[in-house]
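A.B. asks:
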Amino acid sequence: MLCAGPGGGSNDVQWCFSQVKGAIDDDVAEADIISTVEFNQSGELLATGDKGGRVVIFQQEQESKNKLQCRGEYNVYSTFQSHEPEFDYLKSLEIEEKINKIRWLPQKNAAHFLLSTNDKTIKLWKISERDKRPEGYNLKEEDGQYRDPNTVTTLRVPVFRPMDLMVEASPRRVFANAHTYHINSISVNSDCETYLSADDLRVNLWHLEITDRSFNIVDIKPANMEDLTEVITAAEFHPNQCNTFVYSSSKGTIRLCDMRAAALCDSHAKLFEEPEDPNNRSFFSEIISSISDVKFSHSGRYMMTRDYLSVKIWDLNMESRPVETYQVHEYLRSKLCSLYENDCIFDKFECCWNGNDSVVMTGSYNNFFRMFDRGYQQDMTLEASRENSKPRSVLKPRKVSTGGKRKKDEISVDSLDFNKKILHTAWHPLDNIIAVATTNNLYIFQDKLI
Amino acid sequence: MSEEVEETRTSEEQQEMEDKVISPEKSEEAKLKARYPNLGGKPGGSEFLRKRLQKGQKYFDSGDYNMAKAKMKNKQLPSAPTEKTEITGGHIPTPQDLPQRKTSIVASKLAG
């Protein structure tokens, strides 16, 4: 049913449990709440960020000789404290250390680089391996202590000897003090030299080498804050046009901007908005139309947006309406009152594409996540839970019953656990491997290899 | 005359009932308005957005606190909002409002 390989074809993909990371206990510490998940461009590395400001990077092992498990497992490669809580004394506000986004830079040499950001500060981290160390210094002992120069009677050339692999993460750049409001997005440009960061009202352009200045390219702050009607919710660079980026808003619109047109891209080149029937407007309309994520397809021809109840695919050549709309959990429309009361209506779900843009995925409640196959026009609901965590066990599709009669194996809307939300998912860029984050656990699923 | 008035009311009520049947969203809206009659104004309006922009814990600021106390000698300090009322800029945190201190930084359980 869902395919990602170059051959296309079969629509009988079955998803299997592969691994789960994280603690089993139900008592979840705030710091352990996963806040972002991202594969690098080769899919070899998988990074997670959490509310405690920590980053954990997993690396896929080389393919084992055992044919039954052709794909390597993901094991911990590096972990570090990226951001720490800070305090703004002037405004008497705490700055959370929660990692909002991680984005990998394309790999240029042996080391790996990623950008991680909290609400206010973006950091460039270098992750490098060390598997040799120099031995045989003339002036130092092996333990590092300096030798008395008078005891040195001969000279030798230090040599490199193998050592146990050490993976080091070091902060190479800190990009600070450029955002008054809370950063929601970062996106690396295809030129591999610049990146953008977006907060509620502004988008800034940075050069990866320069930390003491950044260019403001979008500013939607009104002269009078009483006139504020919408905020920026997400932003992303086009995957291959280095002059193009998009940003989405809390009113459900997406603006595409061209940096060649002007230094300040306040006027959009394109405005994507689906017309709304004014008769259907309610108190909730604007809130549920707020876009929580926007992602370009790998091809760069389409973009996908996620609002509270649906996923929409837009053709960049058509601004008037999306070309495809998929309902994630339409049954929640009759629960909006309680979802507003418990704040769930403000949950920000992300979405992602598979490697060949044929399938899209997004999360829901009750630890359910949904996949939509664009080609076969089929959708599937799966669950990330410890109950389905036997190695290589096939995941059974789930169903939420909406009518009066609940069939066996279906779950009724009122039984859904709204505290179990899957906000962050990621798809391996080249393979059918997905990473799904529940509140504090990371699940890795892969398709069943025949 | 009274008959005409009754007819108009009936058709309005009918429209409302139709709305509830056709649109689950509108019936949810009616539910919300019934529970919170003070919830006025546009939901996407500036108060709503400004609440969003103000995310971030406010800490006890002795300067603000004492200024506020001096201004309102006889009145109560505005208490922390307990229901879904609009956030007013005038809320001065009191020592009772302070959240617990965060736990110290330890390694992520994902790496365990």
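Going line by line, the protein sequences match chains L and Y. When you read off a place in the first sequence, starting at 1, and then add 393, the result is the number in this note's numbering. When you read off a place in the second sequence, starting at 1, and then add 9, the result is the number in this note's numbering. Backbone N, C-alpha and C fix where the C-beta goes; we use that ideal spot for every residue, glycine too.
#1: Keeping to the same chain, check which residues put their C-beta closer than 6 angstroms to that of Tyr758/L; ignore five residues upstream and five downstream.
#2: Relative to the C-alpha of Gln453/L, which candidate in Pro632/L, Ile837/L, Leu842/L has its C-alpha closest?
#3: On the premise that Pro555/L lies in contact with Lys533/L, defined as a C-beta separation below 8 angstroms, what is that separation, rounded to the nearest angstrom?
#4: Kindly indicate the opening and closing residues of the beta strand (DSSP E) around Pro555/L.
#5: With 16 other CB atoms within 10 Å as the buried threshold, where does Tyr539/L fall?
#6: Determine the direct distance from the alpha carbon of Leu486/L to that of Phe568/L, and round the result to whole angstroms.
#7: Should the segment 576 to 592 of chain L be called in touch with the segment 502 to 519 of chain L, which here means at least 3 C-beta pairs below 8 angstroms?
#8: State the DSSP-derived secondary structure class of Gly645/L, mapped to helix, strand or coil.
#9: Counting C-beta neighbours from all protein chains within 10 Å, is the total for Val787/L 16 or more, i.e. buried, or is it exposed?
#10: Using a Cβ-Cβ distance under 7 angstroms, would Leu729/L count as near chain Y?
#11: Which class does Ala628/L belong to by DSSP, given the choice of helix, strand or coil?
#12: How about Lys118/Y and Asp807/L: do their beta carbons lie closer than 7 angstroms?
#13: Is Val704/L closer than 7 angstroms to Cys737/L when the C-beta atoms are compared?
#14: Kindly list the residues whose CB is nearer than 8 angstroms to the CB of Gln360/L, restricted to its own chain and excluding five residues on each side of it in sequence; keep chain order.
#15: From this set, Val753/L, Val413/L, Arg694/L, Ser475/L, which residue's C-alpha is nearest Ser563/L's C-alpha?
#16: Could you tell me whether any Cβ in chain L is nearer than 7 angstroms to the Cβ of Ala120/Y?
#17: Is Thr94/Y close to chain L? Criterion is C-beta to C-beta, closer than 7 angstroms.
#18: Considering only residues of the same chain and omitting the five flanking positions on each side of Gly465/L, which have a CB-CB separation below 7 angstroms?
#19: State the start and end residues of the unbroken alpha helix (DSSP H) segment that holds Leu41/Y.
#20: Which first and last residues belong to the alpha helix (DSSP H) in which Tyr74/Y is found?
#21: Is the segment 42 to 49 of chain Y touching the segment 496 to 507 of chain L, taking contact as three or more C-beta pairs under 8 angstroms?
#22: Kindly indicate the opening and closing residues of the alpha helix (DSSP H) around Tyr588/L.
#23: Evaluate Ile681/L with the Cβ neighbour count: other Cβ atoms within 10 Å of its Cβ, from every protein chain shown; 16 or more gives buried, anything less gives exposed.
#24: Are the CB atoms of Tyr719/L and Phe765/L within a distance shorter than 7 angstroms?
#25: Between the C-alpha atoms of Pro90/Y and Arg59/Y, what's the straight-line distance to the nearest angstrom?
#26: By how many angstroms is the C-alpha of Val413/L removed from the C-alpha of Pro784/L?
#27: I'd like the list of long-range same chain contacts for Phe665/L, defined as Cβ closer than 6 angstroms, with 5 residues on each side in sequence excluded.
#28: I'd like the span of the beta strand (DSSP E) that includes Ile520/L, first residue to last.
#29: Expressed to the nearest angstrom, what Euclidean distance is found between the alpha-carbon atoms of Glu679/L and Ser727/L?
#30: At a Cβ threshold of 7 angstroms, is Ser71/Y touching chain L?
C.D. replies: On the basis of the data shown:
#1: Leu809, Phe811, Lys814
#2: The shortest CA-to-CA distance from Gln453/L to any of Pro632/L, Ile837/L, Leu842/L is the one to Ile837/L.
#3: Lys533/L to Pro555/L, Cβ: 20 angstroms. No contact.
#4: Segment 552 to 568, the beta strand (DSSP E) holding Pro555/L.
#5: exposed
#6: 20 angstroms
#7: yes
#8: Correct three-state label for Gly645/L: coil.
#9: exposed
#10: yes
#11: strand
#12: no
#13: no
#14: The displayed coordinates of chain L run from 394 to 843. Any statement about residue 360/L would go beyond what the structure contains.
#15: Ser475/L
#16: Closer than 7 angstroms: yes.
#17: Confidence at Thr94/Y is low in this model, with a pLDDT of 40, below 50, so the placement of that residue should be treated as unreliable; the coordinate-derived value is given next. Chain L contact via Cβ: absent.
#18: Scanning its chain for C-beta atoms nearer than 7 angstroms, with the 5 sequence neighbours on each side dropped, one finds around Gly465/L the residues Gln453, Glu454, Gln455, Glu456, Ser457, in chain order.
#19: That run of the alpha helix (DSSP H) goes 33 to 44.
#20: 71 to 80 is the extent of the alpha helix (DSSP H) around Tyr74/Y.
#21: No: fewer than three Cβ pairs fall under 8 angstroms.
#22: Careful: Tyr588/L lies outside any alpha helix (DSSP H), inside the beta strand (DSSP E) at 587 to 591.
#23: Buried, since its Cβ has 16 or more Cβ neighbours within 10 Å.
#24: yes
#25: For Pro90/Y, the predicted structure reports a pLDDT of 45, less than 50, and the residue's modelled location is therefore unreliable. A value from the coordinates is still provided. So the alpha carbons of these two residues sit roughly 16 angstroms apart.
#26: 10 angstroms
#27: Excluding sequence positions up to five before and after Phe665/L, its CB lies within less than 6 angstroms of the CB of Ile647, Trp707, Glu712, all in the same chain and listed in chain order.
#28: For Ile520/L, the enclosing beta strand (DSSP E) has its first and last residue at 515 to 528.
#29: 16 angstroms
#30: no
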